[in-house]
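Peer 1: The numbering of the sequence shown is the working numbering, which starts it at 3 and goes up by one.
If you scroll down you'll find the structure; I have some questions about it.
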Amino acid sequence: MNYSERIEGLFQEYERQRNSLAEMQARMSALSATATSPRREVSVTVGQNGVLTDIQFPSGAHKRLTTADLTRLILETYADAKEQVMNQAAEVLAPVLPDGLDAHKLVRGQAGADAFLPKEPRMVTSVRELLTRGPE
3 MNYSERIEGL
13 FQEYERQRNS
23 LAEMQARMSA
33 LSATATSPRR
43 EVSVTVGQNG
53 VLTDIQFPSG
63 AHKRLTTADL
73 TRLILETYAD
83 AKEQVMNQAA
93 EVLAPVLPDG
103 LDAHKLVRGQ
113 AGADAFLPKE
123 PRMVTSVREL
133 LTRGPE
């Protein structure tokens with residue numbers, strides 16, 4: 003394979019990855035999760051990144067709770083829904099991440115600096131070969 007064919011192949015791979023990223027971005031923006039408290043006093047829905055999108059009270063059970071207990075229950079149910087959506091996000095993101103990068107830590111903001119900017123730059127093997135050998 004000559005140099006021009008290899009460069010063309012790299013551009014095709016770039017386009018494939020770009021299209022894959024656009025698809026992943028659409029899937030990420032559509033993420034949603036709903037959690038309901040154990041006794042069905044409250045139901046909380048969150049979207050991408052755990053953004054609160056809805057709170058429902060599916061039964062009249064919430065009326066028997068004190069304000070403090072209802073607040074605690076809403077926050078706990080919100081945390082459950084947020085955890086669900088973060089797990090969904092990690093599942094969507096994981097296939098496109100480089101080896102060794104933990105998607106669950108990444109979506110929770112727990113990935114260290116090396117996850118984003120490792121000491122050795124990541125480079126596609128074919129690019130590394132081209133740089134090593136140069137044009138044929």
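Just so you know, even glycine gets a beta-carbon here, dropped at the ideal spot from N, CA and C.
Distance check for T38 and M88, CA to CA, integer angstroms please.
Peer 2: Within the sequence shown, the letter at position 86 stands for residue 88. Within the sequence shown, the letter at position 36 stands for residue 38. Distance between the alpha carbons of M88 and T38 is about 17 Å.
Peer 1: Would you call V109 buried or exposed, if buried means 16 or more other Cβ atoms sit within 10 Å of its Cβ?
Peer 2: By 1-based counting over the sequence shown, the position of residue 109 is 107. By the 10 Å Cβ count, V109 comes out buried.
Peer 1: Here's a check: name, in chain order, each residue in its chain whose Cβ is nearer than 6 Å to the Cβ of Y80, leaving out the five neighbours to either side.
Peer 2: As a position in the sequence shown, residue 80 is number 78, starting the count at 1. Answer for Y80: V46, listed in chain order.
Peer 1: I need the boundaries of the alpha helix (DSSP H) containing V94, first residue and last residue.
Peer 2: Counting from 1 along the sequence shown, the entry for residue 94 is found at position 92. Note, V94: alpha helix (DSSP H), 69-95.
Peer 1: Tell me the DSSP secondary structure of Q58 in three-state form.
Peer 2: Residue numbering aside, residue 58 sits at position 56 when the sequence shown is read from its first letter. The answer is strand: DSSP assigns Q58 an E or B state.
Peer 1: Based on DSSP bridge pairs, tell me the residues matched to A35.
Peer 2: The residue you call residue 35 lines up with position 33 of the sequence shown. Its beta-bridge partners are V48.
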